[in-house]
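This report concerns only the one structure given below.
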Ligand SMILES: Nc1ncnc2c1ncn2[C@@H]1O[C@H](COP(=O)(O)OP(=O)(O)OP(=O)(O)O)[C@@H](O)[C@H]1O
Ligand SMILES: [Mg+2]
């Protein structure tokens, strides 16, 4: 029974800031008393129902939803923190550093489990594992790999099939890709072997999960590593016209699980509305109704079924250290860019 | 007899105040000292963790192919996670060159290689604890000094200190409450000793002036000592004044009796009517003087005894029948029938000598002022209050005088030649009032006086 009274405006260039948004939409009534500016790394399609529900509860607020990649989001927000009210990102490390550096307002009224928040200023609201996504139609008779080790063996056994048809994040561009890669590297040596094998197969590098899934569906990719499970599952459920089917595999030895987090800018002029939005977001999350919360809600406990959820801890800043990052990128490049 | 006493404060209160005040001061000192100590320990704990983190970062420094590498472990920062989610900052320098971290983090003036330096600074508007350490690496081009500062906000520390403060405050209050209870108890037992002495002195009979024999605490020895001497002196002076009164009575009455005897003897020998008249007047004056002296001494005695009233059980019936027995001869001289009528037992707590004196004066009046061959009746009534009435068939009291007759030396105008001093009713009234009663004088409707003592 959602009244379609919301104006959805199409993207329009914003003032003087030379920011290229992947998407920009305004929800809510024209001439609303307040307009909440949300900067996010999550596709609008996932957030539209959440924002609509929020506006039903707070009808005199409009929401401007801006989408960009995690790394650009971090840079844009750091350069002008007063421009944005709410920051939503999947790059937990960048978000935690924002909170650590004092960019996040403390919201002490929000009741949220300890492991899903940091300093009452950074709030996790999804649990999303990094997945191996396989185009099963194109894979043919070959077995579907269930672990990283099986993936390595499969690629080694059929180098011709996989050459040029493997995709993963370019960790230099994507904040989330870098987070997944560093957490994988921290957990197991297998990661580096996998990167080396992928490098020897001329792996394709991507900025975002969405593009990897698009190329998987088109058959350009056979396997993509460390794709966001939530995006992939949404696609896997719909069988595309050309009959390509996707399988989403959570590596059974240690699936790396990320939590999407939200924070309210310390310098927001609309603290109450921004806090309301985060509270509302968390409430929708715990209700877990897919109709108005299309993202995977937080799993009950952080360490169930061998899932390793990246925890909100100052240690997340370790790999953001310039020296550490330099070393890691160099090692990663050495592994994955063998052809060049 | 309760005399006015000037009061300044209370020993018990003063003692309790000093002790509880002392306890309060001690409790505050306890709070401050324990808090200071525990906050020192808590700070030490934070320093230890910072120090561990710092050395794990420094240990990871290495020179590989002439390049400085600082591949510090994830644990370096994860060990700094706290329940309050404290913020963490760090800065890494090679010699004076900033390498990574937070460049604006305050660094100590002088670097020490041997052990980490700790300091508390304000950073990003929050107080932070900063640990700074350095390490020298020997490269091919000579020694290179790597210095690392690692800082953590103090939210968890503040939270812990608040918790500790609350506990220590509870401890301090508990200590204060217990110490106060002890102080009050101590003050109570101390003043209890005084109270016990006081009651033992108050409970004594007025005639008991013996020294306090019960053992007392050494601090009270001077007080009890001087009390004992005072009582000894009082006892002595009381005995002296009683002796003095008896002596005075004796000294006045004896010579008067001698003079009267001489006057009587002379009267026998004198024939001249004028001389006889003078001698009669003389004897009468002597009688009056003797009566006055006797009544004066009785009055003095009553006044004295009333001030130190003795409290013994007195059976008024017994006292009266004895009195009637003694007065019978006087009544018989005037052919007056003296009778005693009792309603029931009449017991009273008091001084029998005073009561006897009062009643004797009333009976004396009745016998003196009533006509011969009449009846004097003594009635003891127990309802509604204990009352003793002395009734006669005489002329009764003159209506215009009855108010004043109990005054000192006041006699009625119409007493004829009856000898008297005007002190009898005064004595009766004083003795009755000492027992909490009063004297009433009325005339009987059928004629005659009715003097009553109401208790
Ligand atoms: N029973 C009585 N009947 C009549 N008048 C009385 C009676 N008792 C006392 N009075 C009057 O009261 C006066 C005072 O009495 P009170 O006993 O004080 O003195 P007193 O009898 O005159 O002298 P004394 O001191 O020798 O008794 C008497 O002088 C007398 O006038
Ligand atoms: Mg008399």
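Protein chains in written order, with the numbering used here: chain A, 259 to 598; chain B, 942 to 1396. Beta carbons are placed, not taken as given, at the ideal position from N, Cα and C, and that holds for glycine.
CA-to-CA, the gap between residue 1339(B) and residue 1347(B) works out to about 13 Å. Under DSSP, no beta-bridge partner is assigned to residue 1015(B).
Residue 1309(B) has its CB nearer than 8 Å to a heavy atom of ligand 2. Under the three-state reduction of DSSP output, residue 1080(B) falls in the strand class. Annotated three-state conformation of residue 950(B) is coil, per DSSP.
DSSP places residue 1191(B) within a helical segment (H, G or I) once states are collapsed to three.
Taking a Cβ-Cβ cut-off of 9 Å, residue 350(A) has no neighbours in chain B, whose nearest Cβ is about 14 Å from it. Within the model, the alpha-carbon separation for residue 1262(B) versus residue 1317(B) is close to 14 Å. Annotation: residue 1042(B) is outside any alpha helix (DSSP H); the continuous beta strand (DSSP E) that includes it extends over 1038-1042. Taking 8 Å as the cut-off, one finds no heavy atom of ligand 2 near enough to the beta carbon of residue 1389(B). With three or more CB-CB distances shorter than 8 Å, the segment 502-511 of chain A counts as touching the segment 390-405 of chain A. Separation of residue 1365(B) and residue 1163(B) (C-alpha to C-alpha, rounded to the nearest whole angstrom) is 47 Å. Straight through space, the alpha carbons of residue 577(A) and residue 458(A) are spaced by roughly 25 Å. Distance between residue 1301(B) and residue 1343(B), taken at the CA atoms: about 20 Å. Residue contact with chain A for residue 1059(B): absent (no Cβ-Cβ distance below 9 Å to any residue of chain A).
Residue environment: residue 1334(B) is assigned as buried (16 or more neighbouring CB atoms within 10 Å of its CB, all protein chains considered). Within the chosen limit of 8 Å, ligand 2 does not reach the beta carbon of residue 1239(B) with any heavy atom. In this structure, the straight-line span from the alpha carbon of residue 1116(B) to that of residue 964(B) is close to 8 Å.
By the C-beta density criterion, residue 582(A) is buried, having at least 16 other C-beta atoms within 10 angstroms. Residue burial is scored here from C-beta neighbours: residue 530(A) has fewer than 16 other C-beta atoms within 10 angstroms and is therefore classed as exposed.
In the structure shown, the three-state DSSP call for residue 447(A) is coil. Here the distance from the Cβ of residue 1336(B) to the nearest heavy atom of ligand 1 is below 8 Å. Along the segment 1066-1111 of chain B, the beta strand (DSSP E) occurs as fully enclosed runs of 3 or more residues at 1067-1080, 1083-1094, listed in sequence order. Using a Cβ-Cβ cut-off of 9 Å, residue 1028(B) is close to 357, 358, 359, 360, 377, 572 of chain A, given in chain order.
By the criterion of at least three beta-carbon pairs nearer than 8 Å, the segment 287-294 of chain A is in contact with the segment 529-543 of chain A. Going by beta carbons, residue 393(A) and residue 502(A) fall inside the 9 Å limit.
Scanning the segment 472-526 of chain A from its first residue to its last, the whole beta strand (DSSP E) runs of 3-plus residues come out as 481-486, 504-507, 514-516, 519-522.
The distance from the Cβ of residue 455(A) to that of residue 391(A) is about 17 Å, inconsistent with a contact at the 8 Å cut-off. Among the residues of chain A, none has a CB under 9 Å from the CB of residue 1103(B); the nearest is roughly 16 Å distant.
Within the same chain, and ignoring the five residues on either side of residue 1080(B) in sequence, the residues whose Cβ sits closer than 7 Å to its Cβ are 1004, 1007.
For the pair residue 1269(B) and residue 1228(B), the Cα-to-Cα distance works out to about 21 Å. Contact between residue 316(A) and residue 285(A) is ruled out by a C-beta separation of about 11 Å, above the 8 Å threshold. Around the beta-carbon of residue 1379(B), fewer than 16 other beta-carbon atoms lie within 10 Å, marking it exposed.
At least 9 Å separates the beta-carbon of residue 1394(B) from that of residue 1311(B). Between residue 1026(B) and residue 377(A), the C-beta gap is smaller than 9 Å, which places the two residues in contact.
When Cβ pairs closer than 8 Å are counted between the two stretches, the segment 340-347 of chain A is seen not to touch the segment 441-449 of chain A, the count staying below three.
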